[in-house]
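Here the structure is laid out as structure tokens; the discussion comes afterwards.
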Amino acid sequence: MQVGDAHEVATGEGARIAIVDTGIDLDHPDLGNVNADLGRAFVANDDVPEIGPDDSGYHGTHCAGIAAATGEVGVVGMAPEAELVPIRVFPADGGATFGDILAGIDYAAEIGADAANFSLGIPGVQQPGADINKLRANVQRVFQSAVRRGTVITGSAGNDSGNLQQGGGLTLPNSVPAVITVSATSPADTLSFYSNYGTSDIEVAAPGGWYETIPRTLGETGEPGDIPFPLNGVLSTWPTTLSSSVGLAGYDFISGTSMAAPQVAGLVGLVRSLDPSLNANQVESVIKQNAEGTNGSSGTEFGAGRINALNTVESLR
Numbered sequence: 000m001q002v003g004d005a006h007e008v009a010t011g012e013g014a015r016i017a018i019v020d021t022g023i024d025l026d027h028p029d030l031g032n033v034n035a036d037l038g039r040a041f042v043a044n045d046d047v048p049e050i051g052p053d054d055s056g057y058h059g060t061h062c063a064g065i066a067a068a069t070g071e072v073g074v075v076g077m078a079p080e081a082e083l084v085p086i087r088v089f090p091a092d093g094g095a096t097f098g099d100i101l102a103g104i105d106y107a108a109e110i111g112a113d114a115a116n117f118s119l120g121i122p123g124v125q126q127p128g129a130d131i132n133k134l135r136a137n138v139q140r141v142f143q144s145a146v147r148r149g150t151v152i153t154g155s156a157g158n159d160s161g162n163l164q165q166g167g168g169l170t171l172p173n174s175v176p177a178v179i180t181v182s183a184t185s186p187a188d189t190l191s192f193y194s195n196y197g198t199s200d201i202e203v204a205a206p207g208g209w210y211e212t213i214p215r216t217l218g219e220t221g222e223p224g225d226i227p228f229p230l231n232g233v234l235s236t237w238p239t240t241l242s243s244s245v246g247l248a249g250y251d252f253i254s255g256t257s258m259a260a261p262q263v264a265g266l267v268g269l270v271r272s273l274d275p276s277l278n279a280n281q282v283e284s285v286i287k288q289n290a291e292g293t294n295g296s297s298g299t300e301f302g303a304g305r306i307n308a309l310n311t312v313e314s315l316r
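Here the sequence shown is numbered in numbering that gives the first Met the number 0, starting from 0 and rising by one per residue.
Structure follows, in structure tokens:
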């Protein structure tokens, strides 16, 4: 994505990125740009009121670092000078409700977030039906309201290797027009084996880790120069209270479309830092126009292409 070169042009200064997830580790040295005062928890019947700690494990902290880790100690995110806001919608034990998710996005728009990342969703590819269609309409109404207020929504495509095009399959909350839905690419710029795909849903792709097959991911097959497992995942911030699978305190490698979506949220931060006047649709257009690897904006796997940070920021100079 040529992120290092892109940081010579923009670092996200002045942008605000909301991480709608499990919370963010407020004590992590690479996440000193978290605005805890603006953080909120939208969790029904929650016994753990804290807005910051990653109460459900690691997920929100990992996504936050991908989007905007400062690089103070270990890793640099896509927009290291952007402000992060934790919006917790997961309880300490269990899944989020759509009521809490929708409250979270409404709040992100209320505080003027430039981007709101949703690396979450119903497991599996859903099929249209009365209940799913009603839920999708409700999600679309609230998400479109956020977009009208200027917040760009980035969302993960899902990790079911599913076709979101044939048969009308969808993933919620991210299969709505208001969301930049992101598929995951491998270190070889191929579609990662777990990533959902489909022309009707995927706007762009971004690195999510692992290769296009499980054997290549595990090193059983592959090409010279392949990155070994688990280092072929995405390295990002990890709660300082949890152990790391690779022995790096505060950091770990994991993979998923959850890791791809905050790459795009961070890129939104770079775009808005260069031109705050762009509305949400214009920001999405700039990102799509400067993606690479596909012809046009209708690729089944990558949509408009895998994002390129340098191309994107250079187009705004």
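Yeah, the Cβ is synthetic: ideal placement off N, Cα and C, and Gly gets one too.
Inset, instruction - Rounded to whole angstroms, what's the CA-CA distance from Pro-227 to Ala-303? Just pull it up for me. - result: Locating residue 227 in the sequence shown gives position 228, counting from the first residue. Locating residue 303 in the sequence shown gives position 304, counting from the first residue. C-alpha separation (whole angstroms): 29 Å.
Inset, instruction - Compare the beta carbon distance of Ser-182 and Ile-201 with 8 Å and say whether it is the shorter of the two. - result: The residue labelled residue 182 in the question sits at position 183 within the sequence shown. The residue labelled residue 201 in the question sits at position 202 within the sequence shown. Yes, Cβ-Cβ distance for Ser-182 and Ile-201 is below 8 Å.
Inset, instruction - List in chain order: all unbroken alpha helix (DSSP H) runs of 4+ residues lying wholly within the stretch 52-104. - result: Secondary structure in the stretch 52-104: the alpha helix (DSSP H) runs of 4 residues or longer, each lying completely within the stretch, are 58-67 in chain order.
Legend entry - Alpha-carbon spacing of Pro-79 relative to Thr-10, whole angstroms: Position 80 of the sequence shown, counted from the first residue, corresponds to residue 79. Position 11 of the sequence shown, counted from the first residue, corresponds to residue 10. Rounded to the nearest angstrom, the two C-alpha atoms are 6 Å apart.
Legend entry - Bounding residues of the beta strand (DSSP E) (the contiguous stretch that carries Asp-20): By 1-based counting over the sequence shown, the position of residue 20 is 21. Per DSSP, Asp-20 belongs to the beta strand (DSSP E) from 15-20.
Legend entry - Thr-150 (DSSP reduced to helix, strand or coil): Numbered from its first residue, the sequence shown carries residue 150 at position 151. Of the three classes helix, strand and coil, the one that applies to Thr-150 here is coil, per DSSP.
Legend entry - C-alpha gap between Tyr-318 and Gly-168, whole angstroms: Since the first and last residues shown for the chain are 0 and 316, residue 318 lies out of range.
Inset, instruction - Return the CA-CA distance between Glu-82 and Leu-315, expressed in angstroms with no decimal places. - result: Walking along the sequence shown from the start, residue 82 turns up at place 83. Walking along the sequence shown from the start, residue 315 turns up at place 316. Computed Cα separation, rounded: 21 Å.
Inset, instruction - Give every residue of the same chain whose Cβ lies closer than 6 Å to the Cβ of Ala-108, excluding the five residues on either side of it in the sequence, and list them in chain order. - result: Along the sequence shown, one-based indexing puts residue 108 at 109. Within the same chain, and ignoring the five residues on either side of Ala-108 in sequence, the residues whose Cβ sits closer than 6 Å to its Cβ are Ala-145, Arg-148 and Thr-150.
Inset, instruction - Per DSSP, which residues does Asn-158 bridge with? Please list them. - result: In the sequence shown, counting from the first residue as 1, residue 158 sits at position 159. Answer by DSSP bridge pairing: none, since Asn-158 is not bridged.
Legend entry - Where the alpha helix (DSSP H) through Ser-257 begins and ends: Against the sequence shown, residue 257 aligns to sequence position 258. It spans 256-273 - the alpha helix (DSSP H) in which Ser-257 sits, taken as one unbroken run.
Inset, instruction - State the DSSP-derived secondary structure class of Ile-325, mapped to helix, strand or coil. - result: With the chain represented from 0 up to 316, any question about residue 325 goes unanswered, as that position is not in the structure.
Inset, instruction - Using a threshold of 8 Å, state whether the C-beta atoms of Val-42 and Leu-101 are closer than that. - result: Translated into the one-based positions of the sequence shown, residue 42 becomes position 43. Translated into the one-based positions of the sequence shown, residue 101 becomes position 102. In this structure, Leu-101 does not lie closer than 8 Å to Val-42 by Cβ.
Legend entry - Check whether Gly-349 and Val-74 have beta carbons under 8 Å apart: Here the chain has residues from 0 to 316 only, and residue 349 is not among them.
Inset, instruction - Can you have a look at Val-178 and say buried or exposed, based on whether 16 or more other CB atoms are within 10 angstroms of its CB? - result: Counting from 1 along the sequence shown, the entry for residue 178 is found at position 179. Label assigned to Val-178: buried.
Inset, instruction - Would you tell me roughly how many angstroms separate the C-alpha atoms of Gly-103 and Phe-97, rounded to the nearest one? - result: The count along the sequence shown starts at 1 and reaches residue 103 at position 104. The count along the sequence shown starts at 1 and reaches residue 97 at position 98. Taking the straight line joining both Cα atoms gives about 10 Å.
Legend entry - Simplified DSSP assignment, three categories, for Ile-213: To locate residue 213, count along the sequence shown from 1; it is residue 214. Ile-213 carries a helical assignment under DSSP once its states are collapsed to helix, strand and coil.
Inset, instruction - Measure the Cβ-Cβ separation of Lys-133 and Val-203 and say whether it is below 8 Å. - result: Counting from one through the sequence shown, the residue named residue 133 turns up at place 134. Counting from one through the sequence shown, the residue named residue 203 turns up at place 204. Taking 8 Å as the cut-off, the beta carbon of Lys-133 is found no closer than this to the beta carbon of Val-203.
Inset, instruction - Rank Glu-211, Ile-23 and Pro-238 by C-alpha distance to the C-alpha of Val-88 and give the top, closest one. - result: Walking along the sequence shown from the start, residue 88 turns up at place 89. Val-88 has its Cα closest to that of Ile-23, out of Glu-211, Ile-23 and Pro-238.
Legend entry - Asn-173 and Gly-197 closer than 8 Å at C-beta: Here residue 173 refers to the residue found at position 174 of the sequence shown. Here residue 197 refers to the residue found at position 198 of the sequence shown. No, these two residues do not count as a Cβ contact at 8 Å.
Legend entry - Collapsed DSSP secondary structure at Val-312 in the structure displayed: For the purposes of this step, residue 312 is identified with residue 313 of the sequence shown, where counting begins at 1. Here Val-312 sits in helix by DSSP.
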